[in-house]
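Trainee: Input: one structure, supplied below.
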Amino acid sequence: MSIQVKNINHVYNKGLPDETAALVDISFEIIDGEFVGIIGHTGSGKSTLLQHLNGLLKPDDGQIIVGDTDITASGASMLEIRRKVGLVFQYPEYQLFEETVAADVAFGPKNLGLTQEEIDDRVRTAIELVGLDYDDIKDKSPFDLSGGQKRRVAIAGVIAMRPEVLILDEPTAGLDPQAHQDVLSMVRKIHEGDTSIIILVSHNMNDIAQLSDRVLVMDEGRMVMNGTPKEVFSRGDELEAMGLDLPDVTCLMRDLRSRGLNVPTDIFTEYEAEQAICKVIKGQEEKA
Amino acid sequence: MNTTENKNIIQINDLVYDYIQDESGTTKRAIDHVSINIERGSFTAVIGQNGSGKSTLAKCMNALLLPTEGTVIVNGYDTKDEDHLWDVRQSAGMVFQNPDNQIVSSIVEDDVAFGPENLGIDPQEIRKRVDSALESVQMGKYKKKAPHMLSGGQKQRIAIAGVVAMKPQCIIFDEPTAMLDPKGRKDILRIIHELHGEGITAILITHFMEEAAQADRIIIMNRGKAVMDGSPREVFRSRSELAALSLDVPLAVELRHALNAKGLDLSEEIVTEEELVEAVCRYR
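Chain order of the listed sequences is R and W.
Quick note on numbering: my numbering labels position 90 of the first sequence as 90, and the sequence is numbered without any gaps.
My numbering runs 288 ahead of the 1-based position in the second sequence.
Quick look at the structure:
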């Protein structure tokens, strides 16, 4: 499974006074097994791009090929595309609607024409994969759950479709620190499972830096950077000019460096920071 | 007004709040015997996991919820006293998480005027208040725009202006940045600090430890109780207790701890990134 996006453009409200170019000549490729982070400030075109990847929007021109299917071709089967590419929107818990958790998660698979047995199996597996206890939670009303649990149930509903590509739009927004960590470990687990490609959109640069193999940066409808987290976050000045943050550790290292300390600025984890600071201080002690 | 009332804008005395959970009337205790005073002009952050009672506490502070037991006195008015409901709400305004749920009008300035209009204020005075409230959140040039055309951060600023136009002495912010992007979050935080600088008592409920670290005082809620209460320095010093409550500590505290474990001797007072940078640069 791979995704190829070739020169797509999308203009909103074409021909009207408020015509806006939402996507401008976007091209990139995602290979099998990759974890890709997408960043960009609000209005940069991230959400428009995601909606193209599972066929909710069609580009004005250009081509998107998922696996061996051209999803932009006329007559492309939307059901087939949505089965391959699962999209979890922001605040997906607002889309829960069934009376029980199990019924909510089963909603998607039911539309695939599977046997009841197969549906039940998928529901159980999906609920367990998002880190919830199936027997404990299946008959509960989704509305009696905590915010973090609701979100995981909503994600289970998409996973139960067994997509090969999973797109998550701000999956940790508004969660408390514990629920945030739970959702991150869940995403890691899903990536280790059958889902070959994960695309994560987030404003949280710590999460993006630590999870992604590659980071795509959107600005005003254009893709302005495409590289490893180290490559992208080493261009801190450019990111700041676009109104984007850096991972907290990277910020700290930049501050230390601007004060004359010889520390690297392309690191993201506390552990790396600790090592780097120790090294510098020990070095100073030796000089002294 | 006696002297404690003068000093404290909000006095919470042995507060209990029980939610009714289902039809049969079983209750769930959300606030479990909490006593807190909020000093006039202070900046207090309230942190805690989801379900810890933070938001319930906030809603008790402006009479959106009334105590099951105990009392909440706001600016000298008991929140249970219906005759003074509007005095309570005017004294302590509230800004919620989702700006979309707080906007009522289709034009920005009408939205901001909504509160003062309901107070029966003279139209000329309303005009003045609306303009100055919009200026205070740097949204003056958007006053004729439609709120739905604005970004999340801009909408949240309009919601804040609507509260500011009521001229409250205290504003309670219930996770006001949770749904915003980094830029929106920074703007809102700066505005909260500016309002506090102008003398408004600020109460900020948040999941972001870096935001809480900038307050004068942090109260930590857990299972309906106020389990810690002190300056950011005092609270973040108890790193292991915070971990037991499933709460993060700021990066600077975490790193300072890790570095000291490796044999460095950095001050326990370090809480913010600037302090850590300073300490590391001066380290000899």
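For each residue, glycine too, the CB sits at the ideal point set by N, CA and C.
Only a predicted model underlies this, so the values are computations on that prediction, with no experimental measurement involved.
Using the beta-carbon of each residue, which ones in chain W are nearer than 8 Å to ARG214 (chain R)?
Mentor: As a first step, residue 214 (chain R) is located in the first sequence; it is residue number 214 there, counting from the start. Near ARG214 (chain R) there are no residues of chain W at all, since even the closest Cβ is about 21 Å away, more than 8 Å.
Trainee: How about ASP237 (chain R): is its C-beta nearer than 8 Å to some C-beta of chain W?
Mentor: Here residue 237 (chain R) refers to the residue found at position 237 when the first sequence is read from its first residue. Not closer than 8 Å to any Cβ of chain W, the Cβ of ASP237 (chain R) fails to qualify, so no.
Trainee: Out of W:ASP469, W:VAL418 and W:LYS429, which one is the CA nearest neighbour of ILE448 (chain W)?
Mentor: Position 160 of the second sequence holds residue 448 (chain W). Among W:ASP469, W:VAL418 and W:LYS429, the Cα nearest to that of ILE448 (chain W) is on W:VAL418.
Trainee: Quick check on GLU357 (chain W): does DSSP put it in helix, strand or coil?
Mentor: Taking the first residue of the second sequence as position 1, residue 357 (chain W) is located at position 69. Three-state result, GLU357 (chain W): strand.
Trainee: Taking DSSP as the reference, what is the three-state secondary structure of LYS14 (chain R)?
Mentor: Taking the first sequence and counting its residues from 1, the one referred to as residue 14 (chain R) is at position 14. Here LYS14 (chain R) sits in coil by DSSP.
Trainee: Does LYS471 (chain W) get closer than 8 Å to chain R when you measure Cβ to Cβ?
Mentor: Against the second sequence, residue 471 (chain W) aligns to sequence position 183. So, interface residue.
Trainee: Give me the chain W residues within the contact set of HIS41 (chain R), using Cβ-Cβ distance strictly less than 7 Å, ordered along the chain.
Mentor: Residue 41 (chain R) sits at position 41 when you count from the first residue of the first sequence. Ordered by position in chain W, the residues that pass the 7 Å Cβ test against HIS41 (chain R) are ASP469 and LYS471.
Trainee: Just how far apart, CA to CA, sit ILE558 (chain W) and VAL360 (chain W)?
Mentor: Residue numbering aside, residue 558 (chain W) sits at position 270 when the second sequence is read from its first letter. Residue numbering aside, residue 360 (chain W) sits at position 72 when the second sequence is read from its first letter. Roughly 35 Å between the two C-alpha positions.
Trainee: Since ILE30 (chain R) is in the beta strand (DSSP E), which residue starts that stretch and which ends it?
Mentor: If you number the first sequence from 1, residue 30 (chain R) lands on position 30. Per DSSP, ILE30 (chain R) belongs to the beta strand (DSSP E) from 20-30.
Trainee: Hey, how far is the Cα of GLU499 (chain W) from the Cα of GLN63 (chain R)?
Mentor: The count along the second sequence starts at 1 and reaches residue 499 (chain W) at position 211. The count along the first sequence starts at 1 and reaches residue 63 (chain R) at position 63. Roughly 44 Å separates the two Cα atoms.
Trainee: The alpha helix (DSSP H) that contains LYS550 (chain W), what's its start and end?
Mentor: In the second sequence, counting from the first residue as 1, residue 550 (chain W) sits at position 262. No residue range can be given for LYS550 (chain W), since it is assigned to no alpha helix (DSSP H) and is classified by DSSP as neither H nor E.
Trainee: Look at LEU200 (chain R) and SER212 (chain R) and say whether their C-beta atoms are less than 8 Å apart.
Mentor: Numbered from its first residue, the first sequence carries residue 200 (chain R) at position 200. Numbered from its first residue, the first sequence carries residue 212 (chain R) at position 212. Yes; because the gap between Cβ atoms is below 8 Å, this pair is in contact.
Trainee: Please compile the residues from chain R whose C-beta is within a distance smaller than 7 Å of the C-beta of GLY512 (chain W).
Mentor: Numbered from its first residue, the second sequence carries residue 512 (chain W) at position 224. Under the 7 Å cutoff, chain R gives no residues; its nearest Cβ is about 15 Å from GLY512 (chain W).
Trainee: Contact check, THR72 (chain R) vs PRO59 (chain R) under 8 Å by CB: the rounded distance?
Mentor: Numbered from 1 along the first sequence, position 72 holds the residue referred to as residue 72 (chain R). Numbered from 1 along the first sequence, position 59 holds the residue referred to as residue 59 (chain R). About 6 Å separates the two Cβ atoms, so the contact holds.
Trainee: Taking beta-carbon pairs under 9 Å, can you tell me which members of the stretch 171-198 of chain R lie near chain W?
Mentor: ALA173, GLY174, LEU175, ASP176, PRO177, GLN178, ALA179, HIS180 and GLN181
Trainee: Give the secondary structure of GLU99 (chain R) by DSSP, where H, G and I count as helix, E and B as strand, and everything else as coil.
Mentor: Working through the first sequence from its first residue, we reach residue 99 (chain R) at position 99. Here GLU99 (chain R) sits in coil by DSSP.
Trainee: Can you tell me the Cα-Cα spacing of ASP462 (chain W) and ALA346 (chain W), whole angstroms?
Mentor: Position 174 of the second sequence, counted from the first residue, corresponds to residue 462 (chain W). Position 58 of the second sequence, counted from the first residue, corresponds to residue 346 (chain W). Between ASP462 (chain W) and ALA346 (chain W), the C-alpha separation is close to 7 Å.
Trainee: Distance check for GLN457 (chain W) and ASN363 (chain W), CA to CA, integer angstroms please.
Mentor: On the second sequence, residue 363 (chain W) is found 75 positions in, with the first residue counted as 1. On the second sequence, residue 457 (chain W) is found 169 positions in, with the first residue counted as 1. If I take the Cα positions, the gap works out to 8 Å.
Trainee: Using a C-beta to C-beta distance shorter than 7 Å, which residues of chain R count as neighbours of ALA546 (chain W)?
Mentor: What you label residue 546 (chain W) is simply residue 258 of the second sequence in a count that begins at 1. GLU270 and GLU274, listed in chain order.
Trainee: Please name the residues in the stretch 240-267 of chain R whose beta-carbon is closer than 8 Å to at least one beta-carbon of chain W, in chain order.
Mentor: GLY243, LEU244, ASP245, ASP248, VAL249, CYS251, LEU252, ASP255, LEU256, ARG259, GLY260 and LEU261
Trainee: Is it the case that the stretch 335-355 of chain W contacts the stretch 376-389 of chain W, given that we only count it when at least three CB pairs across the two stretches are under 8 Å?
Mentor: yes
Trainee: Helix, strand or coil for ASP60 (chain R) per DSSP?
Mentor: Counting from one through the first sequence, the residue named residue 60 (chain R) turns up at place 60. Reduced to three states, the DSSP call for ASP60 (chain R) is coil.
Trainee: Using three-state DSSP, classify PHE143 (chain R) as helix, strand or coil.
Mentor: Taking the first sequence and counting its residues from 1, one reaches residue 143 (chain R) at position 143. If DSSP states are grouped into helix, strand and coil, PHE143 (chain R) belongs with the helices.
Trainee: Looking only at its own chain, which residues have a Cβ that is under 6 Å from the Cβ of PHE524 (chain W), when we skip the five neighbours before and after it?
Mentor: Taking the first residue of the second sequence as position 1, residue 524 (chain W) is located at position 236. Only VAL537, VAL541 and VAL559 meet the Cβ criterion.
Trainee: Less than 8 Å separating the beta-carbons of PHE384 (chain W) and VAL392 (chain W)?
Mentor: Taking the second sequence and counting its residues from 1, the one referred to as residue 384 (chain W) is at position 96. Taking the second sequence and counting its residues from 1, the one referred to as residue 392 (chain W) is at position 104. The answer is no: Cβ separation not under 8 Å.
Trainee: Of all the options R:GLY147, R:LEU166 and R:ARG257, which has the alpha carbon lying nearest to the alpha carbon of GLY193 (chain R)?
Mentor: Reading the first sequence from its first residue, position 193 is the one you call residue 193 (chain R). The candidate whose alpha carbon is nearest that of GLY193 (chain R) is R:LEU166.
Trainee: From LEU168 (chain R) to PHE143 (chain R), what distance separates their C-alpha atoms?
Mentor: Translated into the one-based positions of the first sequence, residue 168 (chain R) becomes position 168. Translated into the one-based positions of the first sequence, residue 143 (chain R) becomes position 143. Their Cα atoms are separated by approximately 22 Å.
Trainee: Along the chain, where does the beta strand (DSSP E) containing GLN444 (chain W) start, and where does it finish?
Mentor: By one-based count along the second sequence, residue 444 (chain W) stands at place 156. It is not in any beta strand (DSSP E) - GLN444 (chain W) instead sits in the alpha helix (DSSP H) that spans 440-452.
Trainee: Mind checking which residues open and close the beta strand (DSSP E) that includes ASN226 (chain R)?
Mentor: Within the first sequence, residue 226 (chain R) is the residue found at index 226, counting from 1. Segment 222-227, the beta strand (DSSP E) holding ASN226 (chain R).
Trainee: Who does LYS6 (chain R) pair with in a DSSP beta bridge?
Mentor: Locating residue 6 (chain R) in the first sequence gives position 6, where the first residue counts as 1. The partner list for LYS6 (chain R) (beta bridge, DSSP) reads R:GLN63.
Trainee: Can you check whether the C-beta of GLY148 (chain R) is within less than 8 Å of a C-beta belonging to chain W?
Mentor: What you label residue 148 (chain R) is simply residue 148 of the first sequence in a count that begins at 1. It does; some Cβ of chain W falls within 8 Å.
Trainee: From what residue to what residue does the alpha helix (DSSP H) around TYR134 (chain R) run?
Mentor: Your numbering for residue 134 (chain R) matches position 134 in the first sequence. It spans 134-137 - the alpha helix (DSSP H) in which TYR134 (chain R) sits, taken as one unbroken run.
Trainee: Nearest CA to the CA of MET223 (chain R): which residue from R:MET1, R:ALA21 and R:ILE127?
Mentor: For the purposes of this step, residue 223 (chain R) is taken as residue 223 along the first sequence, with counting starting at 1. Taking MET223 (chain R) as reference, the option from R:MET1, R:ALA21 and R:ILE127 with the minimal CA-CA separation is R:ALA21.
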